[in-house]
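Asker: Going down the list, the sequences are from chains A and B.
At position 335 of the first sequence (counting the first as 1) the number is 335 in the numbering used here, and the numbers step up by one without a gap.
At position 42 of the second sequence (counting the first as 1) the number is 1042 in the numbering used here, and the numbers step up by one without a gap.
Note that beta-carbon positions come from the ideal geometry of N, C-alpha and C, so glycine has one too.
This is the structure, below, for whatever I ask next.
There are 2 protein chains.
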Amino acid sequence: MTGRENRFRMSHLKHEIRRGAYADSIVLMQLQSALAKLDGVEDAGVVMATPANRELLAANGLEPRGDLAVGPDDLLIVVRAESASAAEAALAEVDRLMKRDAESGTSTYRPKSLRSALVSHPDARWVLVSVPGRYAAGVAREAVAARRHVFLYSDNVSIDDEVELKRRAVGEGVLVMGPDCGTATIGGVGLGFANRVRRGPIGIVAASGTGLQAVASRIDALGSGVSHALGTGGRDLSGAVGGATALQALDLLARDPETRVVVLVSKPPAPEVAAKVLAAARATGKPVVVALSGTMPPLDRVGYLHFASSLRRAADLAVELADGDGGGTSGTRATSAGGPGFVRGLFSGGTLALETTQALRFFLAPLASNLGVEGVAAHGEGSGHLILDLGADEFTVGRPHPMIDSDLRLRRLAQEASNPDVGVILLDLVLGDGSHSDPAAELEPAIRAALGKSGLTIGVLVVGTDSDPQDLSGQIERLEAAGAKVVRTTDELIALVVSTAGDALSTAEARPVPLEDLEAISCINVGLEHFHDSLAGQDLPVVHVDWRPPAGGKAKLQAILARMG
Amino acid sequence: MTGRENRFRMSHLKHEIRRGAYADSIVLMQLQSALAKLDGVEDAGVVMATPANRELLAANGLEPRGDLAVGPDDLLIVVRAESASAAEAALAEVDRLMKRDAESGTSTYRPKSLRSALVSHPDARWVLVSVPGRYAAGVAREAVAARRHVFLYSDNVSIDDEVELKRRAVGEGVLVMGPDCGTATIGGVGLGFANRVRRGPIGIVAASGTGLQAVASRIDALGSGVSHALGTGGRDLSGAVGGATALQALDLLARDPETRVVVLVSKPPAPEVAAKVLAAARATGKPVVVALSGTMPPLDRVGYLHFASSLRRAADLAVELADGDGGGTSGTRATSAGGPGFVRGLFSGGTLALETTQALRFFLAPLASNLGVEGVAAHGEGSGHLILDLGADEFTVGRPHPMIDSDLRLRRLAQEASNPDVGVILLDLVLGDGSHSDPAAELEPAIRAALGKSGLTIGVLVVGTDSDPQDLSGQIERLEAAGAKVVRTTDELIALVVSTAGDALSTAEARPVPLEDLEAISCINVGLEHFHDSLAGQDLPVVHVDWRPPAGGKAKLQAILARMG
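Written as structure tokens, this is what we have:
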């Protein structure tokens, strides 16, 4: 960047500011491209004068010198040319070039506002919003109030606006897909950026635009197809938004007879949201492939839930499940049993405790542990489910490891069993040289005593081999005779917890989204004309609103208007 | 806990303090158990008086009232009995009970210090250390200075001590396994807690005790076996320790002809350590199954590296690889090519950028991005490898998404290509409705120009279907004609980077650990007599050191002695 002054020393820079001038960003792109092609012009920039855009201009030798006193509402047009006259000539062309673009549009009637479009097109159940971020929430709010589904392409929308919009949408039984929702395929129609995929048995819910596109494209490449692919916006599974749209989408796909397998794609969700959304996924009663970018839980599947570490794997697995008999699509939806109390894990093995915690954080909330797992509260914070590594440093000063000394664990087991809020106790038993010579003998009476309490489940993960000195099968028999459920791997232990703990789904306040709204859709487009053209190109009934910012884009005036109602 | 006073109202509590009294923690456990069985005794506690242990006493109604003025070097013996006289009678038995335990030991000659054991047993190449944490580093240091391998069972050892110990060990060509190393199986002999597993073709490196045991046990259950299973201590892959022991262990297993497949188990490693250790794993030239608890990268494999999301899956995969022809065990170790420069990812798709970042953080350091991935620096911090989502909010105010508008990306591409430090540029190209109508036409000349620079590699991930309006195969042909390497999934893109970027292994200062030290081992045991018994039970030559804390366990006196050298 230090060579910039030299690199452009012989060039001439001219600029023009149009205050509060709104134009479709694609129109600006086309203007910039047209300016750059004019005689004698080396480069051109046409941007809304945000700090980021001005940095980009600077990086390309297009930043005018001096203090411009422009803001994000102002249009900044810069031309760098071989001569001052060429630069001036180019700037003089701006109006002509913009007019040419405008004329290339269609000449059909266009409503000037969403309100009039809703009146003139009462059957359009979908509103596509791609106006600049600061106007987007207002437009979307109007659409939701009119009980229309919103595909909210716009980004730079605040999370507070998103929370509020989705709260209203859930109450109205409509979807707000977004903000920053790049893609969806609804009843075969692509909204935003969408690949043309065969229709088929796989439904997609994605808090991730290109994640959805990558999965859908690969499903198509593998010869299968997509029923509906529903984007939710990237923040939908955050703690604040709570998975509002994902929950609606899962419910829709559960009811959709065409959908036999579901793929759920998201960036790492907030822990309490993960638990809620996975409970909803289980409640679909259909195989659900879950791809939580970057945070694969340490298990391949629990019942109908299958976990995939990558987008590719998610698509492969979904096609496999859809082609085969599936994980046993039942058609009947899993019941929401309501949890039978909190889980307590009392482990002697640190890694067994860790792996259990890493898996359970996707299913149980609130969850605490002394293992330092991201998204899991530290032991002692709050109440709820708890996993303890009793072999951690803080428990072993001057006392043997719990693999030798059961004392601490037996005491804690009795204490937890007497707590009426506890429903499931998890233990591990690690055999081998160096470990206690007969651990089951010590655990057996304690387990028997604990199970005296009705409703309690005790699961024991036994690690060992047939050659271990303790007699593996004898140890297992003894634990089972005491009433414990014995498993041999962590994933079996997780399955035990998940099947016992049931789902804690509460969607009482949600109004179901009508399934028929996903078929034969028609749209109102507010924002980029580009998307109107894309939809029209798919032979979809679509009306474009000739939208302009309220109050000519002046932020202060807008704020006053908003306060006036 | 509020009912404690009532619960024990009729009981009588008596205690005894023995200041600075050292005893093996298992001896304390046995004493406690013996006291609790005496007539009239309800419960007993025998602990070193740390705050954690005193809390445990309190939770069990065993905390004496009033201010005891005891510290962690003091032994606290508490008895709760039906009557004061029963409690007193029990305390009077303490010496007899402890003596009985001591007498049950063998009467063979026992050296009083590690120093004399090293003299009397010069062939013992291994030292097991299980003395209390605050003495452990000193004992281990003495062993390393004598060029012995250390199995450091003790926990509560500081990370500074660990770093220093391992630095010395690497220089001496010996292993320090631990601290807090629970298990290892070396040449068929189990150290610490170890399952008896069949010998076989699978080597294990584990920064996780029960992780190692779970994997080894399952390998045995599946009918395969283990060559050597080397624990490293749970902090080995932290940023401070830098994977010192894991790197030595991988090098050993690479040289070991019996080992055909390696399993690497660890809690989530520090990013720069992950890159180093995975480079070493690749350099083994053998299939390596990597299970990084809770942080599965979004890909199943890259070359010989296979990723597993769970301990179970790691064992299953290792057995599969060992049984089959493997991933093509070559015997020849991969060469360390030395990287050809930094990677720059210029993505239009946010999730594609995210998945690429999540995968590459295990292979490239330092890595930055604007995607908010844990362990990856924010864009702008430092220099090195960089992945950018050009569709992020900060780049799209007032300008179209890069899937429509290539301008920003083309400029950045030219800029990065002219940077001599950049060796690999990654792009994505997302087709479909709504996207640019012919993106390859815009990228082609830019790629062609960039590839003019010798040595540069450009990889393009193309997402799309055969039905997309842009003509998928035509787009791919055009990119390939320009010289780009085209892939269709993120994992292929990662494989491209990893194979291009090579390994940056520097183990120049390391002295190789002799492979023969892993066979027919003999041990010196310092600490818990329990482990002596366990090793003797495996018919291993082992000598037990009759260790006592220096200066009778007095912390201040010890510190003075340490300062005196």
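How is the alpha helix (DSSP H) around A/Ser217 delimited, first residue to last?
Answerer: Unbroken alpha helix (DSSP H) run through A/Ser217: Gly209 to Ala221.
Asker: Give a yes or no on whether 7 Å exceeds the smallest Cβ distance from B/Gln1213 to chain A.
Answerer: Chain A contact via Cβ: present.
Asker: Distance check for A/Ser113 and A/His12, CA to CA, integer angstroms please.
Answerer: Distance between the alpha carbons of A/His12 and A/Ser113 is about 42 Å.
Asker: Going by DSSP, what residues sit across from B/Lys1485 in a beta bridge?
Answerer: According to DSSP, B/Lys1485 bridges with B/Gly1459.
Asker: Taking the alpha helix (DSSP H) that B/Ala1021 belongs to, which residues open and close that run?
Answerer: Per DSSP, B/Ala1021 belongs to no alpha helix (DSSP H) and is neither H nor E.
Asker: Starting from B/Ile1404, find everything on chain A with Cβ-Cβ shorter than 7 Å and list it in chain order.
Answerer: Correct list: Ile26 and His530.
Asker: Would you call the stretch 426 to 445 of chain A and the stretch 1189 to 1198 of chain B in contact, with 3 or more CB pairs under 8 Å?
Answerer: Counting Cβ pairs under 8 Å, three or more are found: they touch.
Asker: Does the beta carbon of A/Thr489 sit closer than 7 Å to a beta carbon anywhere in chain C?
Answerer: Considering every chain present, this structure includes no chain C. Its protein chains are A and B.
Asker: Taking the straight line between their C-alpha atoms, what separation do you get for A/Leu386 and B/Gln1032?
Answerer: Going by the C-alpha atoms only, they are around 28 Å apart.
Asker: Under the three-state reduction of DSSP, which class applies to A/Leu175: helix, strand or coil?
Answerer: In the structure shown, A/Leu175 sits in coil (DSSP, three-state: anything other than H, G, I, E or B).
Asker: How is the beta strand (DSSP E) around A/Ala229 delimited, first residue to last?
Answerer: Looking at the DSSP string, the run of the beta strand (DSSP E) that includes A/Ala229 is Val226 to Gly231.
Asker: What did DSSP end up calling A/Ile521 once you bin it into helix, strand or coil?
Answerer: It is coil, neither helix nor strand.
Asker: Nearest-angstrom Cα distance between A/Glu355 and B/Gly1294?
Answerer: Looking at the two C-alpha atoms, the distance is approximately 7 Å.
Asker: So, is the C-beta of B/Leu1346 closer than 7 Å to a C-beta in chain A?
Answerer: Taking Cβ atoms only, chain A never reaches closer than 7 Å to B/Leu1346, which makes this a no.
Asker: Reducing DSSP to helix, strand and coil, say where A/Phe151 ends up.
Answerer: Three-state result, A/Phe151: strand.
Asker: In this structure, how does DSSP classify A/Ile404 when only helix, strand and coil are distinguished?
Answerer: Looking at A/Ile404 - three-state DSSP - the assignment turns out to be coil, as it is neither helix nor strand.
Asker: Against chain A, does B/Asn1370 count as a neighbour if the rule is that its beta carbon must be under 7 Å from one of theirs?
Answerer: For B/Asn1370, the answer is no, since every Cβ of chain A falls outside 7 Å of its Cβ.
Asker: For B/Leu1515, which residues does DSSP report across the bridge?
Answerer: DSSP lists no partner for B/Leu1515.
Asker: Since B/Asp1471 meets chain A, which of its residues come closer than 7 Å, beta carbon to beta carbon?
Answerer: By Cβ distance, chain A contributes nothing, its closest Cβ being about 12 Å from B/Asp1471, past 7 Å.
Asker: So what's A/His530 in DSSP terms, helix, strand or just coil?
Answerer: Helix, per DSSP.
Asker: Do A/Val273 and A/Leu321 have their C-beta atoms within less than 7 Å of each other?
Answerer: The answer is no: Cβ separation not under 7 Å.
Asker: Where do the N-terminal and C-terminal ends of the beta strand (DSSP E) with B/Val1430 fall, by residue?
Answerer: Taken as a continuous stretch (DSSP letters only), the beta strand (DSSP E) holding B/Val1430 covers Val1422 to Val1430.
Asker: Hey, how far is the Cα of B/Val1197 from the Cα of B/Gly1209?
Answerer: Between B/Val1197 and B/Gly1209, the C-alpha separation is close to 15 Å.
Asker: Can you tell me whether A/Glu492 sits near the ligand FMN, meaning its C-beta is under 6 Å from at least one heavy atom of the ligand?
Answerer: As far as ligands go, the structure on display features none, and thus does not contain the ligand FMN.
Asker: Given that a residue counts as buried once 16 or more other Cβ atoms are within 10 Å of its Cβ, and exposed if not, what is B/Arg1548?
Answerer: Classification for B/Arg1548: exposed.
Asker: I need the boundaries of the alpha helix (DSSP H) containing B/Leu1250, first residue and last residue.
Answerer: Where B/Leu1250 is concerned, the enclosing alpha helix (DSSP H) stretches over Ala1244 to Arg1255.
Asker: Grouping DSSP H, G and I as helix and E and B as strand, with all else coil, what is B/Glu1016?
Answerer: In the structure shown, B/Glu1016 sits in a strand (DSSP, three-state: E or B).
Asker: Is it true that the CB of A/Ile77 sits closer than 7 Å to the CB of A/Val46?
Answerer: Closer than 7 Å, so yes.
Asker: Does the count of Cβ pairs from the stretch 1115 to 1131 of chain B and the stretch 1152 to 1161 of chain B closer than 8 Å reach three?
Answerer: Short answer: they touch.
Asker: Which full runs of the beta strand (DSSP E) of 3+ residues lie inside the stretch 1264 to 1314 of chain B, going along the chain?
Answerer: As far as the stretch 1264 to 1314 of chain B is concerned, its whole beta strand (DSSP E) runs of at least 3 residues are 1288 to 1292 and 1305 to 1307.
Asker: Take the Cβ of B/Ser1383 as the centre, count every other Cβ of all protein chains shown within 10 Å, and call the residue buried at 16 or more, exposed below.
Answerer: B/Ser1383 comes out exposed.
Asker: Determine contact between the stretch 1036 to 1043 of chain B and the stretch 1069 to 1086 of chain B, defined as no fewer than three beta-carbon pairs at a distance below 8 Å.
Answerer: As far as the Cβ criterion goes, the stretch 1036 to 1043 of chain B touches the stretch 1069 to 1086 of chain B, which means the pair count is three or higher.
Asker: Whole angstroms are fine: how far does the CA of B/Ala1021 sit from the CA of B/Leu1097?
Answerer: The straight-line gap from Cα to Cα measures roughly 16 Å.
Asker: Is there contact between the stretch 1450 to 1462 of chain B and the stretch 220 to 237 of chain A, where contact requires at least three CB pairs shorter than 8 Å?
Answerer: No contact exists between the stretch 1450 to 1462 of chain B and the stretch 220 to 237 of chain A.
Asker: Which of helix, strand or coil does DSSP assign to B/Asp1074?
Answerer: Three-state DSSP puts B/Asp1074 in coil, outside helix and strand.
Asker: Tell me whether the beta-carbon of A/Gly350 lies closer than 7 Å to the beta-carbon of A/Gly391.
Answerer: Cβ distance < 7 Å, so A/Gly350 and A/Gly391 count as in contact.
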